[in-house]
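Residue numbers (the numbering used here): 9 to 179.
Every residue gets a Cβ at the ideal spot worked out from N, C-alpha and C, and that includes glycine.
Everything numeric in this text was worked out from a predicted model, so none of it was measured.
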């Protein structure tokens with residue numbers, strides 16, 4: 009009888025231990041899930057207000073208040089003096105010119121724009137003012153490329169490739 013009782017107690021204790029351990033593991037898993045969800049909620053609480061704000065900004069009706077300059081086309085007869093004009097604008101803004109090229113290939117293809125490449129050196133603020141002056145010209149079309157490299161004596165070397173509108177020749 010003692011053997012039967014001891015075997016019963018051992019079997020009962022194994023049963024209790026093996027039934028409690030899986031429950032403990034599932035409680036640990038639930039706690040981990042709660043931590044993950046809490047972190048996700050924390051991230052969501054940061055993202056959702058930003059999304060709501062961005063959506064409100066997106067719904068704002070935008071009406072531009074700045075007027076765009078009336079763009080005109082430059083006459084072909086004025087092209088030869090054009091590089092001198094850019095040189096005087098550069099000097100006005102305390103920039104030195106290292107290179108100036110006018111793409112003459114547009115003449116053969118009857119294009120409505122001409123590409124100009126200018127190499128300049130000076131200070132970045134002066135280059136910014138130069139760009140504003142160039143863009144404000146009535147025959148300015150687009151800026152194709154701008155490159156800025158450090159130069160000597162605390163100055164920079166700039167290269168700009170831009171296009172201007174020109175009258176097309178009708179033959």
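Rounded to whole angstroms, residue 56 and residue 68 show a C-alpha spacing of 19 Å. In the DSSP assignment, residue 45 forms no beta bridge with any residue. Secondary structure of residue 107 (DSSP, three-state): strand.
By the CB criterion at 8 Å, residue 125 and residue 169 fall inside the cutoff. Per the DSSP secondary-structure output, residue 158 pairs in a beta bridge with 164. By the C-beta density criterion, residue 61 is exposed, having fewer than 16 other C-beta atoms within 10 angstroms.
Counting along the chain, residue 121 sits inside the beta strand (DSSP E) bounded by residues 121-130. Around the beta-carbon of residue 94, 16 or more other beta-carbon atoms lie within 10 Å, marking it buried. Note that the C-beta distance between residue 130 and residue 163 is below 8 Å. In the displayed model, residue 12 falls within a helix according to three-state DSSP. For residue 68, there is no enclosing alpha helix (DSSP H), as DSSP marks it with neither H nor E.
Counting along the chain, no alpha helix (DSSP H) covers residue 78, and no H or E run does either. For residue 96, the enclosing alpha helix (DSSP H) has its first and last residue at 90-100.
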